[in-house]
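One structure is given here, and the rest of the page talks about it.
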Amino acid sequence: MGSHEPHDQLQHNEIKASFETTTHVVGHVFKVTLYKRLLGMVSRYALNQIAAQFELVHYAGKNPSHCGCVMRTTHGLPCACELTKYVVGTIPLETIHMF
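In terms of the working numbering, the sequence shown opens at residue 288 and continues consecutively.
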């Protein structure tokens, strides 16, 4: 029975990774609309920064004093308090600084 343990563990890891991938993909299915105007126009780095800010939307709300607007001032990207406008909708390309 000991000879099957590495195979069983490998199979378990593959199944677990598959579930995690599925969960991650499903989580982002609804956000495709949010980013559709940016895809192919904005760097992956910028998209990742915007996604990180979007995760903070519920903390920052529409209050800039809670947000700090650091992403807007340092990177020219929409910060959490700006992104509250796009929770249902699409982020316009104009909100992204060209650099």
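Virtual Cβ for every residue (Gly too), placed ideally from N, Cα, C.
Distance between residue j and residue i (C-alpha atoms, nearest Å)
{"i": "H353", "j": "T382", "result": "20 Å"}
{"i": "L321", "j": "R331", "result": "15 Å"}
{"i": "G314", "j": "L334", "result": "Residue placement at G314 is flagged as unreliable, the pLDDT there being 46, under the threshold of 50; a coordinate-derived value is accordingly withheld."}
{"i": "A339", "j": "K323", "result": "17 Å"}
{"i": "Y373", "j": "I337", "result": "12 Å"}
{"i": "T388", "j": "T361", "result": "Absent from the structure is residue 388, since the part of the chain shown begins at 288 and ends at 386."}
{"i": "K349", "j": "L364", "result": "16 Å"}
{"i": "M358", "j": "V375", "result": "21 Å"}
{"i": "C356", "j": "V319", "result": "24 Å"}
When the options are compared against residue i, the one with the closest alpha-carbon
{"i": "M385", "options": "V329, N335, K372", "result": "V329"}
Residue i, buried or exposed, once every other Cβ within 10 Å from all chains shown has been counted against 16
{"i": "L380", "result": "exposed"}
{"i": "T308", "result": "Because T308 carries a pLDDT of 43, less than 50, the predicted location of this residue cannot be relied on, and no value is offered for it."}
{"i": "L326", "result": "exposed"}
{"i": "V316", "result": "Here the model assigns V316 a pLDDT of 44, short of 50, so the residue's position is not dependable and the matter cannot be decided."}
Closer than 7 Å: residue i CB and nearest the ligand GDP heavy atom
{"i": "P351", "result": "The ligand GDP is not part of this structure, which contains no ligands at all."}
Would you call the stretch 362 to 373 in contact with the stretch 338 to 347, where contact means no fewer than 3 C-beta pairs closer than 8 Å?
yes
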